[in-house]
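> This is the structure, below, for whatever I ask next.
Numbering (my numbering), first residue to last: 238 to 392.
Written out as structure tokens, the structure reads:
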């Protein structure tokens, strides 16, 4: 009885904490808030120094360099944000499944023993068998002919 009190008490809290810690680590890894704040910031701008007395040609070149760098930064940050959202969502759903399995795993052997002794099978198993039999009936038989090869004097 003490096992079950631990399992559904401290053990459940421990498992939920581990799942939430994993989700928090994923959120920290992808840093979605920081990516949104710097979404259109220049990406690895090497020559970002502004020259006040430069010619118009140099200023236009720098403007387009920064603009191009911002487009690349926005594109890469968007890709990382999309991957991050999918990964964090997957991790949250997986954590919920693990928590449900944690809840039912002490009684799962009893449930499986009852299923085994009653002989219950999912409704899909007979359908699979019927489909396989129908496939065998309807499949045309292929006649296999041996290859006629010219035999040499050595074989």
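We put the beta carbon where it would ideally sit given N, CA and C, even for glycine.
1. Quick check on residue 281: buried or exposed, where buried means 16 or more other Cβ atoms within 10 Å of its Cβ?
2. Check whether the Cβ atoms of residue 257 and residue 321 lie closer than 8 Å to each other.
3. Throw me the rounded Cβ distance for the residue 307 and residue 279 pair, which I believe falls under 8 Å.
4. Consult DSSP for residue 322 and reduce its assignment to one of helix, strand or coil.
5. In the structure shown, what three-state DSSP assignment does residue 342 receive?
6. Tell me where the alpha helix (DSSP H) around residue 375 begins and ends.
7. Is the number of C-beta pairs between the region 329-349 and the region 297-304 that are closer than 8 Å three or more?
8. Please state whether the Cβ-Cβ distance between residue 331 and residue 249 is less than 8 Å.
9. For the alpha helix (DSSP H) that residue 443 lies in, which residues bound it at each end?
10. Look at the alpha carbon of residue 291 and the alpha carbon of residue 305, and state the distance between them as a whole number of angstroms.
11. Start and end of the alpha helix (DSSP H) containing residue 270?
12. So, is residue 310 buried or exposed, given that buried needs 16 or more other C-beta atoms within 10 angstroms?
13. To the nearest angstrom, how far is the alpha carbon of residue 371 from that of residue 364?
14. Could you tell me whether the Cβ atoms of residue 336 and residue 252 are closer together than 8 Å?
Inspection of the coordinates gives the following:
1. As a working note, residue 281 is residue 44 in the chain shown. By the 10 Å Cβ count, residue 281 comes out exposed.
2. Start at 1 with the first residue of the chain shown, and residue 257 comes out as number 20. Start at 1 with the first residue of the chain shown, and residue 321 comes out as number 84. The answer is no: Cβ separation not under 8 Å.
3. Residue 307 sits at position 70 when you count from the first residue of the chain shown. Residue 279 sits at position 42 when you count from the first residue of the chain shown. About 5 Å; that satisfies the 8 Å criterion.
4. Here residue 322 corresponds to residue number 85 of the chain shown, with the count starting at 1. DSSP places residue 322 in helix when its eight states are reduced to three.
5. Counting from 1 along the chain shown, the entry for residue 342 is found at position 105. If DSSP states are grouped into helix, strand and coil, residue 342 belongs with coil.
6. For this step, residue 375 is matched to residue 138 along the chain shown. Taken as a continuous stretch (DSSP letters only), the alpha helix (DSSP H) holding residue 375 covers 361-375.
7. Counting Cβ pairs under 8 Å, fewer than three are found: no touch.
8. Indexing the chain shown from 1 puts residue 331 at position 94. Indexing the chain shown from 1 puts residue 249 at position 12. Result no, Cβ atoms of residue 331 and residue 249 do not sit closer than 8 Å.
9. Since the displayed the chain opens at 238 and closes at 392, residue 443 lies outside it and no answer follows.
10. Translated into the one-based positions of the chain shown, residue 291 becomes position 54. Translated into the one-based positions of the chain shown, residue 305 becomes position 68. Distance between the alpha carbons of residue 291 and residue 305 is about 20 Å.
11. Translated into positions along the chain shown, residue 270 becomes position 33. 269-274 is the extent of the alpha helix (DSSP H) around residue 270.
12. Within the chain shown, the letter at position 73 stands for residue 310. Under this definition residue 310 is a buried residue.
13. Locating residue 371 in the chain shown gives position 134, counting from the first residue. Locating residue 364 in the chain shown gives position 127, counting from the first residue. Rounded to the nearest angstrom, the two C-alpha atoms are 10 Å apart.
14. Against the chain shown, residue 336 aligns to sequence position 99. Against the chain shown, residue 252 aligns to sequence position 15. It is a contact, given that the beta carbons lie within the stated cut-off.
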